[in-house]
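Okay, so the sequence shown: first residue is 1339 according to this note's numbering, each after it adds one. Heads up, the beta-carbon is just placed ideally off N, CA and C, and yes, glycines get one too. Just so we're clear, the structure is a prediction, and the values are computed from it rather than from any experiment. As structure tokens, the structure follows; a few thoughts come after it.
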Amino acid sequence: MNSISGLVDNTPIALMRFKGPCDTLLFQAWVFLIKELKPGQGVIMDNASFHKSKRSRE
């Protein structure tokens, strides 16, 4: 079991749990479903392979 979430003001947001490794499609689904993300906030991505797709960078 793995999880992905965001952090705003030291508070976790948009927690998603999943089985298996994260991939591009799962990451993109998570990013586009973040309802807590407000204008002016962003997503910081590291060098993980699923962050490198053109759509993920957009």
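Neighbourhood of residue i by C-beta, 6 Å cutoff - its chain only, sequence neighbours within 5 removed
i       : result
Pro1350 : Ser1343
His1389 : Met1383
Ile1372 : Ala1352
For residue j and residue i, believed in contact at Cβ under 8 Å, the rounded distance
i       : j       : result
Asn1340 : Cys1360 : 7 Å
Arg1393 : Gln1366 : 6 Å
Leu1364 : Phe1370 : Not confirmed; about 11 Å, so no contact.
Under the three-state DSSP convention, the category residue i falls into
i       : result
Leu1364 : helix
Val1346 : strand
Ser1341 : strand
Cβ neighbours of residue i in the same chain (closer than 8 Å, five flanking residues each side left out)
i       : result
Phe1368 : Just to set this straight, residue 1368 is Trp in the shown sequence, not Phe. Hits under 8 Å: Ile1342, Ala1352 and Met1354.
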